[in-house]
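*Asks:*
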Amino acid sequence: MSEKKSAAPAAVAAPETPAAEPKKRRSSGAAQRRGRPPLSPEVYVEFGTNQYNITDVIERAKADYRATHKVGVQSCKVYVKPEEGMAYYVINKVSGKLEL
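In UniProt numbering, the protein residues as written are 1 to 100.
1. In three-state DSSP terms, what is Thr99?
2. Looking only at its own chain, which residues have a Cβ that is under 6 Å from the Cβ of Pro82, when we skip the five neighbours before and after it?
3. Under three-state DSSP, which class holds Glu59?
4. Taking just the CA atoms, how far does Val71 sit from Glu42?
5. Less than 8 Å between the CB atoms is what I'm expecting for Val57 and Val80, so what's the real figure, rounded?
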């Protein structure tokens, strides 16, 4: 009697290769940025013989708010009236004023 051979020959053992490792994604953060830092403009208002640095006025308004409130600044609006020598601000729906 003759032996029947299977229709498909036995699979040849292929050399084992390690499974493809997933590629690691780079985190897109400030540490990955190259080049120049973002531009931070300085804004000045001149009225009569006086000159006011608006960037400083904004920082002073935030500092004034932080002195009385523990919540961080979420929104900030500053209105400058150089003819009165005052700056009015609204931070997180809380208003205040500063002398220029």
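Every residue, glycine too, gets a C-beta built ideally from N, C-alpha and C. Please read these numbers as outputs of a predicted model, since none were measured by experiment.
*Replies:* This is what the structure gives:
1. Sequence index remark: in the sequence shown, residue 99 carries index 99 (1-based). Note that residue 99 corresponds to Glu in the displayed sequence, not to Thr. Glu99: strand per DSSP, three-state reduction.
2. Your numbering for residue 82 matches position 82 in the sequence shown. For Pro82, where only same-chain residues beyond five positions count, the Cβ hits under 6 Å are Val45, Phe47.
3. Reading the sequence shown from its first residue, position 59 is the one you call residue 59. Of the three classes helix, strand and coil, the one that applies to Glu59 here is helix, per DSSP.
4. Residue mapping note: residue 42 aligns to position 42 of the sequence shown, counting from 1. Residue mapping note: residue 71 aligns to position 71 of the sequence shown, counting from 1. Roughly 26 Å separates the two Cα atoms.
5. Start at 1 with the first residue of the sequence shown, and residue 57 comes out as number 57. Start at 1 with the first residue of the sequence shown, and residue 80 comes out as number 80. The Cβ separation is near 7 Å, so the contact holds.
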